[in-house]
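This report concerns only the one structure given below.
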Amino acid sequence: MATPDRPVVLAAVAGAHGIHGEVRLRLFAESVESLGRHRSFQAGERTLTLVAVRPGPHGPIARFAEVTDRTAAEALKGVELAVPRSALPPPADDEVYWVDLMGRGVVDPAGRPVGTVVAVANYGASDLIEVELAGGRRVLVPLIPEAARVEDDRICVDPLWLEA
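Residues 63 to 226, numbered by my numbering, are exactly what the sequence shown covers, in order.
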């Protein structure tokens, strides 16, 4: 269930690169090329205009029109770069944008509500959803067919993944 007005974070500023205002990025988009298709990004309360982006030895390197020196680049460390959901192509049938999972209800195989998705991450093996259960306890569930199935408006999770 896509939310067209919800911004989608494509990268975060990891730090400054050089002395002319370039920044290193932590990329959440598919590739440097897919990031480069966008010309402007919401960066907190301001908009940044992308001038150039290229691969770097420790992640992509970007230059923004509004950032002209190292001090300005350093001030952006940790800032997320987002675009409107409507600026992205629809995901393929076997794909989902993480932002579309946030807040989605989680049910057991019988359809009983058990929690809500509060975060999504990937540490290399697979995408993980963080589910907040009734009572506030949180569990991580891999987004693989054996553990969780994304349905139209909810996620069905094998109860074994919800145990402590």
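All C-beta atoms in this analysis are idealised placements derived from N, C-alpha and C, irrespective of residue type, glycine included.
It should be emphasised that the depicted structure is a prediction, and the values quoted were computed from it without experimental measurement.
Residue i beta carbon near the ligand NAD (any heavy atom closer than 8 Å)
i: E92; result: Summarising the ligand content, the structure contains no ligands, and the ligand NAD is consequently not present.
Nearest-angstrom beta carbon gap, residue j and residue i [assumed within contact, 8 Å]
i: V75; j: V141; result: 5 Å
i: L224; j: V201; result: 6 Å
i: P122; j: L89; result: 6 Å
i: R132; j: A78; result: 5 Å
Pair within 9 Å by beta-carbon distance, residue i and residue j
i: L163; j: V85; result: no
i: V168; j: V219; result: yes
i: V94; j: P119; result: no
i: V203; j: A210; result: yes
i: R216; j: R147; result: no
i: A105; j: L97; result: no
i: L72; j: F103; result: yes
Assigned secondary structure, residue i (DSSP; H/G/I helix, E/B strand, else coil)
i: S188; result: coil
i: E213; result: coil
i: T133; result: helix
i: L112; result: strand
i: P221; result: helix
i: A127; result: coil
i: G98; result: helix
i: V158; result: coil
Cross-strand partners of residue i (DSSP beta bridge)
i: P79; result: The residue you asked about is not Pro; residue 79 is His in the sequence shown. In the DSSP output, where bridge partners are listed per residue, H79 has E84.
i: P117; result: DSSP lists no partner for P117.
i: A144; result: V71 and Q104
i: A181; result: E192
i: L89; result: A73
i: P175; result: V169
i: P204; result: L190
Segment contact flag, the segment 126-133 with the segment 108-115, C-beta cutoff 8 Å, min 3 pairs: Contact between the segment 126-133 and the segment 108-115 is present, because at least three Cβ pairs lie under 8 Å.
Cβ contact (3+ pairs, closer than 8 Å) linking the segment 135-152 and the segment 85-103: Result yes; three or more Cβ-Cβ pairs closer than 8 Å.
Tell me whether the segment 144-164 and the segment 181-196 touch, counting them as touching only if at least three CB pairs, one residue from each stretch, are closer than 8 Å. For the pair of segments examined, the segment 144-164 was found to touch the segment 181-196: the number of CB pairs separated by less than 8 Å reaches three.
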